[in-house]
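Have a look at the structure below, then the notes.
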């Protein structure tokens, strides 16, 4: 069983598109590979998600990217995804090596996937409802 860290330097917030099936699957993927409970989650569409976007100076309609908030800094697209991977259990942490690929190339691939995610994976009319064990990893 994982525990959620209370140390702000250890914890991070991931904002995801709450109606995207791919994003919901990635959230579950992260949770299963984050035994220390470093990552907490919120939907980009939620009240807290919208407030966090405003605090970071981002558009409240920024649902074309996931957002990682670490130590008060905001990371989006491929950089955010790779920074998440870096903190996951081995061997997933090794994928951080892809940070060496130029940003414009990484984000080209990221944007292509983001543009097609609903067509490939579908979407819900509402955000996923996490199990009680996972619910504590989501911001209110």
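Residue numbers (the numbering used here): 68 to 207.
Backbone N, C-alpha and C fix where the C-beta goes; we use that ideal spot for every residue, glycine too.
- Query: CB residue 109 to CB residue 93, shorter than 8 Å?
  - Reply: Contact: no.
- Task: Output the boundary residues of the beta strand (DSSP E) element that contains residue 206.
- Result: Looking at the DSSP string, residue 206 is not in any beta strand (DSSP E), and its letter there is neither H nor E.
- From residue 81 to residue 154, what does the alpha carbon distance come to, in whole angstroms? Each residue's alpha carbon lies about 13 Å from the other.
- Query: Using CA coordinates, which residue listed in 107, 121, 174 and 138 is at the minimum distance from residue 146?
  - Reply: Taking each of 107, 121, 174 and 138 in turn and checking the Cα distance to residue 146, the smallest one comes out for 174.
- Message: Rounded to the nearest angstrom, what separates residue 121 and residue 165 at their Cα positions?
- Response: So the two alpha carbons sit approximately 29 Å from each other.
- Message: Between which two residues does the beta strand (DSSP E) holding residue 97 run?
- Response: The continuous stretches of beta strand (DSSP E) do not include residue 97, which lies in the alpha helix (DSSP H) extending over residues 88-99.
- Between which two residues does the alpha helix (DSSP H) carrying residue 171 extend? Unbroken alpha helix (DSSP H) run through residue 171: 170-188.
- For residue 189, which residues from the same chain have a beta carbon less than 6 Å from its beta carbon, with the 5 sequence-adjacent residues on both sides left out? In chain order, 88 place their CB closer than 6 Å to the CB of residue 189, counting only its own chain and leaving out the 5 sequence neighbours on each side.
- Message: Distance check for residue 107 and residue 97, CA to CA, integer angstroms please.
- Response: Each residue's alpha carbon lies about 10 Å from the other.
- What span of residues does the alpha helix (DSSP H) with residue 146 cover, start to end? Start and end: 144-153.
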